[in-house]
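Peer 1:
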Amino acid sequence: MALATAQALAQAERPADALTWIARAVEASPGSVRLHQQRWKLLRGAPERSDDERRAAIVQDIDALLALRGQQPSTLLAAADALREHGQAQRADDLERRIAGEFDGSPAHELLLYRKITAGLGPDGKPKPEQRPVIDAFLARPQLHDPSLREEVGRLRFELLRADPATPADELLAAIEFTRIAGRIDLNTPYSHGPIALAERGVHLERAEALVREGPAAFDRLVAELAAAGMPDEMRDIIRRDMLGVNYDALGVVLLATGRSAEAEAALLRSQEVSPGYPESLARLAALARGRGDMDAAEGYLAAGFELELFQRENPCKRMLAQIYREEHGDLRGYEKYLDKIRARARELRRARVIAARAASPAPAPAFALERLDGAEITNESLRGKIAVIKFWFTTCKPCIDELPEFEQLIRDYARDRDVEILTIHFGGEKDEVARWMREHKHRFPVLLDAGFCQKAGVEMFPTFWVLDREGRLAYTLPGASENLREEFAWRIESLRG
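In case it helps, UniProt numbering puts the sequence shown at residues 1 to 498.
(1) Could you check where the alpha helix (DSSP H) with residue 118 kicks off and where it finishes?
(2) Give me, in chain order, the residues of the same chain whose beta-carbon lies closer than 6 Å to that of residue 107; leave out the 5 immediate sequence neighbours on both sides.
(3) In whole angstroms, give me the CA-to-CA distance for residue 387 and residue 205.
(4) By Cβ distance below 7 Å, which residues in the same chain neighbour residue 218 in space, the five residues on each side in sequence not counted?
(5) The beta strand (DSSP E) that contains residue 479, what's its start and end?
(6) Can you grab the Cα-Cα spacing for the pair residue 199 / residue 464, in whole Å?
(7) Between the alpha carbons of residue 443 and residue 185, how many angstroms are there, rounded?
(8) Does the distance from the C-beta atom of residue 96 to that of residue 82 stay below 9 Å?
(9) Report all residues from its chain with a CB closer than 7 Å to the CB of residue 64; omit the five preceding and five following residues, and keep chain order.
(10) Can you find the residues in the same chain that come closer than 6 Å, C-beta to C-beta, to residue 251, ignoring five residues on each side of it along the sequence?
(11) Just to confirm, is the Cβ distance from residue 308 to residue 277 under 9 Å?
(12) Candidates 257, 44, 76 and 477: which alpha carbon is nearest residue 361's?
(13) Tell me the rounded alpha-carbon separation between residue 130 and residue 150.
(14) Answer yes or no: does any C-beta atom of chain D fall closer than 9 Å to that of residue 283?
(15) Can you tell which of 19, 347 and 492 has the C-alpha that lies nearest to the C-alpha of residue 357?
(16) Check residue 392 in the structure and name its three-state DSSP category.
(17) Does the beta-carbon distance from residue 383 to residue 377 come in below 9 Å?
(18) Say the cut is 8 Å; is the CB of residue 26 nearer than that to a heavy atom of the ligand FAD?
(19) Quick check on this structure: which residue in 323, 448, 294 and 481 has the alpha carbon closest to the alpha carbon of residue 398?
(20) Starting from the C-beta of residue 379, find all residues in its chain whose C-beta is less than 6 Å away, skip the five residues before and the five after it, and write them out in chain order.
(21) Going along the chain, which unbroken runs of the alpha helix (DSSP H) with 4 or more residues stay wholly within the region 4-92?
(22) Which residues share a DSSP beta bridge with residue 466?
(23) Taking DSSP's pairing of strands, which residues face residue 142 in a bridge?
(24) For the region 42-61 against the region 86-101, are there 3 or more C-beta pairs whose distance is under 8 Å?
(25) Tell whether a beta-carbon distance below 9 Å holds between residue 321 and residue 279.
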């Protein structure tokens, strides 16, 4: 009760009251590491104290916890983390050495070893060759407590072996099989990336194909587990489609390695059906088209993936475009001018994908009558005859907030357009709290209070966008944050003008 009250008060931005209640919780359970960590978090944000006072209070509480539970490795690790954060690196090092020396087989030491591995990764997040001994030693520990760490370090070992051309085929396959057994969340490695690695070397192709074809059933099992855990339908569908897109791409690679090019192309096209824009399969489709002498089709595939910015890796479509241009022209002079044509084609392809997502038989939007922050009521009927864009969001949803600048620019673009209404529905929260947040952050866009509507309408993912046609039907439903928000919503709005 005391902890829940403290958390509610902290959420309501009442840190002094929250500290009072967390103190009561600690008094009732003085050995609880979790409660002490909550107190440290609240003390870090205590506005009425100076930095030195906050630091002193936190260290004092750490010492009290160590005096009570200093023989527990979990306590030592929590204390070490907090001390390091507050500038006491030597004390933190001493506690971590105690964990390693006295509690080698503990979950706390396992986590420390994992952190050391991740701290040594390259800037691209990949393991370095010199890390092989520590990775092998981690996986050879008599007992691994955290399945997620076992899974992740197994993936890192696979990446190491994959990057080394001297790795024996059997050793690479064994690393892939380990990720299959350990796999809980990362199913791409055993069922997609692993088979690709085998196919690229031309080894164990029969097993590679078998692994790829096992993938969809494994994905379905994971999605069922996520459903049981309460993950929204939209998020599960995104995860499943992403995994299937990679998996069909892997199937294409394996089939190409076995000389079945027609089946391979069909698999790569299927990759694009389930996960449009996946750049790896687009680049492979472009290579097949180029091999047939169809340069226009090849360029179209590469343009479709050209705009994507990939995390910690090069876009294969951009790489192939530069390669083709260099082969045809001898160097890259004039390449930027050529890319202007590619960018224009990429934009048109993206526009076509956006418009193609319009519902063929749009259903009426769920009925609502909701209060705006200024007290006015907005209903479905009041929007009828207009094209309406509705954003579902809440003030502590980071993806919702990150896209607000572009969203507000979209609102300004249509501010004088009587045929278009752009508004938002805020999930949960009290009217006064939402109004205060809007004032503090200097936002002026229309906000309706959901009053339970999100749950009734089945909106579980935030942000989510609805675009209603003039008859109040759901022309577009878009769960998740939007890239190119301003441009693409303008396309959606204009598609409904007729």
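Where a beta carbon is used, it is the ideal one built from N, C-alpha and C, also for glycine.
Peer 2: On the basis of the data shown:
(1) 107-119 is the span of the alpha helix (DSSP H), which, as asked, contains residue 118.
(2) Taking C-beta separations shorter than 6 Å and ignoring five residues to either side along the sequence, the partners of residue 107 in its chain run 145, following chain order.
(3) Residue 387 and residue 205 have their C-alpha atoms roughly 53 Å apart.
(4) Non-local beta-carbon contacts of residue 218 in its own chain, meaning distances under 7 Å to residues more than five positions away in sequence, involve 187 and 191 in chain order.
(5) Per DSSP, residue 479 belongs to the beta strand (DSSP E) from 474-479.
(6) Taken atom to atom, the span from the alpha-carbon of residue 199 to that of residue 464 is near 40 Å.
(7) In this structure, the CA atom of residue 443 is about 39 Å from the CA atom of residue 185.
(8) It is not a contact, given that the beta carbons lie outside the stated cut-off.
(9) Excluding positions up to five away in sequence, the list is empty.
(10) Cβ within range, chain order: 212 and 267.
(11) Yes, the Cβ-Cβ distance between residue 308 and residue 277 is below 9 Å.
(12) Of the candidates 257, 44, 76 and 477, the residue whose Cα lies closest to the Cα of residue 361 is 477.
(13) Going from the Cα of residue 130 to the Cα of residue 150 covers about 19 Å.
(14) The chain labelled as chain D is not found in the depicted structure, where only one protein chain is given.
(15) Looking at the Cα atoms, 492 is the closest of the given residues.
(16) Reduced to three states, the DSSP call for residue 392 is strand.
(17) With respect to the 9 Å criterion, residue 383 and residue 377 are not classified as neighbours on the basis of their beta carbons.
(18) Absence of the ligand FAD from the depicted structure is noted, as is the absence of any ligand whatsoever, leaving it without description.
(19) Per the Cα distances, 481.
(20) Apart from sequence neighbours up to five positions away, the residues of its chain that approach residue 379 with a beta-carbon distance below 6 Å are 369, ordered along the chain.
(21) Counting whole runs of 4 or more residues, the region 4-92 contains the alpha helix (DSSP H) stretches 15-28, 33-44, 51-69 and 73-85.
(22) DSSP output for residue 466 lists 390 and 477 as bridge partner(s).
(23) The partner list for residue 142 (beta bridge, DSSP) is empty, contrary to what the question assumes.
(24) The region 42-61 and the region 86-101 touch, with no fewer than 3 CB-CB distances between them shorter than 8 Å.
(25) No, these two residues do not count as a Cβ contact at 9 Å.
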